[in-house]
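Asker:
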Amino acid sequence: MKKTLIFDLDGTLMNTLDDLHASISYALREAGLEPNQKQDTRRYLGNGIRRLVERSVEQSKPDADEALKERVFETFRAYYVEHSMDRTAPYEGVPEMLKECKQRGFFTAIVSNKLAPAVKDLHKAFFADTIDVAIGETPTVKRKPAPDMVDEAIRQLSHLHGQSIEKSACVYVGDSEVDLLTAKNSSLPCIAVSWGFRDRDFLVEQGAKVIIDHPEELFEHL
Numbered sequence: 000m001k002k003t004l005i006f007d008l009d010g011t012l013m014n015t016l017d018d019l020h021a022s023i024s025y026a027l028r029e030a031g032l033e034p035n036q037k038q039d040t041r042r043y044l045g046n047g048i049r050r051l052v053e054r055s056v057e058q059s060k061p062d063a064d065e066a067l068k069e070r071v072f073e074t075f076r077a078y079y080v081e082h083s084m085d086r087t088a089p090y091e092g093v094p095e096m097l098k099e100c101k102q103r104g105f106f107t108a109i110v111s112n113k114l115a116p117a118v119k120d121l122h123k124a125f126f127a128d129t130i131d132v133a134i135g136e137t138p139t140v141k142r143k144p145a146p147d148m149v150d151e152a153i154r155q156l157s158h159l160h161g162q163s164i165e166k167s168a169c170v171y172v173g174d175s176e177v178d179l180l181t182a183k184n185s186s187l188p189c190i191a192v193s194w195g196f197r198d199r200d201f202l203v204e205q206g207a208k209v210i211i212d213h214p215e216e217l218f219e220h221l
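Note that numbering that gives the first Met the number 0 gives residue 125 to position 126 of the sequence shown, counting from 1, and the numbers run on in steps of one.
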């Protein structure tokens, strides 16, 4: 049976930190707030863009009300959609790894808490030839760590390839505690990567059983 690989995007396939940090910094400045440090942005990633904005605003202004958070979120969203590819790029070795997946006949998908328009743009620009399906945050599908995005990816892959894909053929690949929990909630094995937004020690503390340090190591664990 063919393997189906379901990848997180930010911190797993792509280094998106610079563009995310630039966007949240812009939105905070537009609201008259002090931008956070890049390491804070890195720490706040994983639970979706809205949570990134909320935590960033709260750090700059602990007594911020919901109206201010919403204003910063709308500014961030508009700016990021326009600037999501300024400095974003796949991690070294990822394009080659994905080409190998394609050559081996694996089915592939992205599931990301990033806004759906940005996910679609990045998929089209960098992975159109190597990843079959890309799912981003929308109002109709619960974001990770709920299993809904994974289930939707499997549904779309099954439709695309004209066959029913069983979860027993799927593996989840991600870089954060959110990804570990997503895999658990989806009843999938998880391969964690150490080159993203969380380091190896943190992943071990969060219960990761399989951790790889370079993309080419993926095939040793399939």
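Idealized CB from N, CA, C, for every residue including glycine. All values reported here derive from a predicted model rather than from experimental measurement.
Skipping 5 residues on each side, what residues in its chain have a beta carbon closer than 8 Å to that of residue 153?
Answerer: Along the sequence shown, read from residue 1 onward, the residue named residue 153 stands at position 154. Cβ neighbours of residue 153 beyond the five flanking positions: 3, 5, 108, 164, 166, 169.
Asker: Nearest CA to the CA of residue 24: which residue from 205, 217, 59, 186?
Answerer: Within the sequence shown, numbered from 1, the residue matching residue 24 stands at position 25. Nearest of 205, 217, 59, 186 to residue 24, Cα basis: 59.
Asker: If you check the beta carbons only, do residue 194 and residue 213 fall under 9 Å apart?
Answerer: Taking the sequence shown and counting its residues from 1, one reaches residue 194 at position 195. Taking the sequence shown and counting its residues from 1, one reaches residue 213 at position 214. In contact: residue 194 and residue 213 (Cβ atoms closer than 9 Å).
Asker: Tell me the DSSP secondary structure of residue 116 in three-state form.
Answerer: Translated into the one-based positions of the sequence shown, residue 116 becomes position 117. Residue 116 falls in the helix class under three-state DSSP.
Asker: By Cβ distance below 6 Å, which residues in the same chain neighbour residue 95 in space, the five residues on each side in sequence not counted?
Answerer: On the sequence shown, residue 95 is found 96 positions in, with the first residue counted as 1. Excluding sequence neighbours, residue 95 sits near nothing in its chain.
Asker: Which stretch, first to last residue, makes up the alpha helix (DSSP H) that contains residue 25?
Answerer: As a position in the sequence shown, residue 25 is number 26, starting the count at 1. Where residue 25 is concerned, the enclosing alpha helix (DSSP H) stretches over 16-29.
Asker: In the structure shown, what three-state DSSP assignment does residue 125 receive?
Answerer: Within the sequence shown, numbered from 1, the residue matching residue 125 stands at position 126. Three-state DSSP puts residue 125 in a helix.
Asker: To the nearest angstrom, how far is the alpha carbon of residue 192 from that of residue 110?
Answerer: Residue mapping note: residue 192 aligns to position 193 of the sequence shown, counting from 1. Residue mapping note: residue 110 aligns to position 111 of the sequence shown, counting from 1. In a straight line, the C-alpha of residue 192 is about 15 Å away from that of residue 110.
Asker: In this structure, what does DSSP give as the bridge partners for residue 71?
Answerer: Taking the sequence shown and counting its residues from 1, the one referred to as residue 71 is at position 72. Looking at the DSSP assignment, residue 71 forms no beta bridge with any residue, so it has no partner.
Asker: Sort 97, 14, 53 by Cα distance to residue 293 and report the nearest one.
Answerer: The structure shown does not extend to residue 293, since the chain spans only 0 to 221, so no value can be given for it.
Asker: Is the Cβ-Cβ distance between residue 11 and residue 128 less than 9 Å?
Answerer: Residue mapping note: residue 11 aligns to position 12 of the sequence shown, counting from 1. Residue mapping note: residue 128 aligns to position 129 of the sequence shown, counting from 1. Not closer than 9 Å, so no.
Asker: Any idea what DSSP makes of residue 207, helix, strand or coil?
Answerer: What you label residue 207 is simply residue 208 of the sequence shown in a count that begins at 1. Reduced to three states, the DSSP call for residue 207 is coil.
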